[in-house]
Amino acid sequence: MNAPLVVGARRSPLSRAQAAWVGERLRERWPELPVEYRFITTAGDRDLATPLPEIGGKGLFTEDLERSLREGDIDVAVHSLKDLPADLPDGLMLGAVPTREDPRDVLVVRNLAVRNPPDSAPRDADGRDLLRRLPSGARVGTSSLRRAAQLRAARTDLDPRPIRGNVDTRLHKLEDGRFEALVLAAAGLRRLGVWPPGAHVLDEDWLPAPGQGALGLQCRDGPDGAAARIGALDDPAARAETTAERALLAALEGGCRVPIAARASLRAEDLLLRAAVYDVDGGPPVEAAGTGSRASPGALGRRLAEQLVEAGASGLVERARRLSP
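Going by this note's numbering, the sequence shown opens with residue 1, and the numbers climb by one from there.
Structural data, given as structure tokens:
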């Protein structure tokens, strides 16, 4: 009898859904493979009152899972790739980046949230137009410093406010009048099968976090068999795109306390990367775009980071760090 492969993830409903998706993909390839799940409370989950940029540090949602990997309690850790720091601990590897979900952000205006099949949602509605029509002073909930900076850059009269908790908790806070709107990840809504009627996708010029919409499957770097199975779930396109985005993030030494956005997309054998560093106070961002070979995504990310630095991004990065606790 095969030994079970233990999949680890956070305890949130979204993380559980992502872990279940990975388990299903594994069983499709190896029907005889027993898959077990272990759900772990991470540092970022233990403190739901403090805004993420104020907690500080890297790996708030990943270090506890990595510890379980190193200790052999789990065989694979399922991360939202945007939460996984670019520098991985010794002995661990990014075993797979599966097919990427929609990386865009969604603006959700106050309305009754209902559960619909994701594909029936008005996914191409104009979120930018809705953003323009929000009333002055509208409270917009987000846990992301990057999204807050983007909101301020789009409209200085909006009031971005921190919000924590899982997707349902955030939607309830919207419904009970604490916010006029939220900014959430399209990927999270789709994976949960939740699409509120007031949800409108923000266009591709509203850049997401590096790695947004992708899963990162982390495993031990060794001959224990898990890495080979996990590697079969790797999607070359998603791997190339996110490698470029994460290389840029690493070169800028970014994290949750720095408002950095990036999105790569394949064009045949070329990779287009667009990125921006935002002013936490809503001033003009520093933006750059470049093209490189899909065979060298890391080089493209590092090159574009250099262009951002040359254009003045370092000042925005340092300012964001000084203003963070």
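Even for Gly, the Cβ is constructed at its ideal location relative to N, Cα and C. Just so it is clear, the structure is predicted and the values come from calculations on it, not from any experiment.
Residue from the options with nearest C-alpha to residue i
i, options, result
"Gly282", "Leu174, Arg152, Val109 and Arg146", "Arg152"
"Arg302", "Asp73, Cys256, Gly312 and Ala250", "Ala250"
"Val286", "Ser296, Gly292, Ala295 and Arg274", "Arg274"
"Leu217", "Leu323, Leu300 and Arg25", "Arg25"
"Arg322", "Glu63, Leu271, Arg257 and Ser265", "Arg257"
"Val7", "Glu36, Pro259 and Gly290", "Glu36"
"Asn166", "Asn2, Ser12 and Ala276", "Ser12"
"Val22", "Leu304, Leu69, His200 and Val78", "Val78"
"Arg294", "Leu271, Arg146 and Phe39", "Leu271"
"Asp176", "Gly292, Val109 and Val183", "Val109"
"Arg229", "Leu33, Gly315, Gly91 and Leu84", "Leu33"
"Leu266", "Gly254, Met93, Arg100 and Gly188", "Arg100"
"Gly59", "Phe39, Thr50, Leu88 and Pro31", "Leu88"
Residue i beta carbon near the ligand ZN (any heavy atom closer than 7 Å)
i, result
"Gly315", "Absence of the ligand ZN is noted for the structure shown, with no ligands found whatsoever."
Span of the beta strand (DSSP E) around residue i
i, result
"Asp234", "Element bounds for Asp234: n/a, residue is neither H nor E."
"Asp45", "No beta strand (DSSP E) holds Asp45; the alpha helix (DSSP H) holding it covers Ala43 to Arg46."
"Leu184", "Ala181 to Ala185"
"Glu36", "Val35 to Ile40"
"Asp105", "Asp105 to Val109"
"Arg10", "Leu5 to Arg10"
"Arg326", "With the chain covering 1 to 325 only, the question about residue 326 has no answer from this structure."
Bridge partner(s) assigned by DSSP for residue i
i, result
"Gln18", "For Gln18, which the question treats as bridged, DSSP gives no partner whatsoever."
"Pro160", "Val140"
"Cys219", "Val76 and Met93"
"Thr291", "Leu272"
"His200", "Leu107"
"Val277", "Ile260 and Val286"
Three-way DSSP call (helix, strand, coil) for residue i in this model
i, result
"Asp119", "With a pLDDT of only 47 at Asp119, under the threshold of 50, the placement of this residue in the model should not be trusted; the figure read from the coordinates follows. Of the three classes helix, strand and coil, the one that applies to Asp119 here is helix, per DSSP."
"Ser314", "helix"
"Gln307", "helix"
"Val114", "Any reading at Val114 needs caution, since the residue's pLDDT is 33, under 50, leaving its predicted position unreliable; the model's value is listed next. Coil."
"Ser296", "coil"
"Ala214", "coil"
"Arg25", "helix"
"Arg178", "coil"
"Val194", "coil"
"Asp124", "Per-residue confidence for Asp124 stands at a pLDDT of 47, beneath the threshold of 50, marking its modelled position as unreliable; the derived number appears in the next sentence. In this structure, Asp124 counts as coil in the three-state DSSP scheme."
"Thr99", "coil"
"Thr50", "coil"
"Gly188", "helix"
"Glu253", "coil"
"Gly301", "helix"
"Leu84", "coil"
"Asp168", "helix"
"Leu130", "helix"
"Ala209", "coil"
Cβ-Cβ separation, residue j to residue i (assumed contact under 8 Å), whole Å
i, j, result
"Ala186", "Asp159", "23 Å between Cβ atoms; not a contact."
"Phe179", "Gly127", "Incorrect: roughly 16 Å between the Cβ atoms, too far for contact."
"Ala149", "Val280", "5 Å"
"Leu107", "Leu174", "With a Cβ gap of about 11 Å, Leu107 and Leu174 do not count as contacting."
"Ala43", "Glu63", "7 Å"
"Ala311", "Ala288", "6 Å"
"Gly298", "Glu245", "Contact doesn't hold; Cβ gap of about 10 Å is too wide."
"Val97", "Arg239", "5 Å"
"Leu192", "Ser80", "Actually they are not in contact, since the Cβ atoms of Leu192 and Ser80 sit about 13 Å apart, beyond 8 Å."
"Ala226", "Val76", "6 Å"
"Pro208", "Arg104", "6 Å"
Residue i, enclosing alpha helix (DSSP H) - first and last residue
i, result
"Gly64", "It is worth fixing the name first, because residue 64 is Asp in this sequence and not Gly. Here the alpha helix (DSSP H) through Asp64 covers Glu63 to Arg70."
"Leu151", "Leu145 to Ala154"
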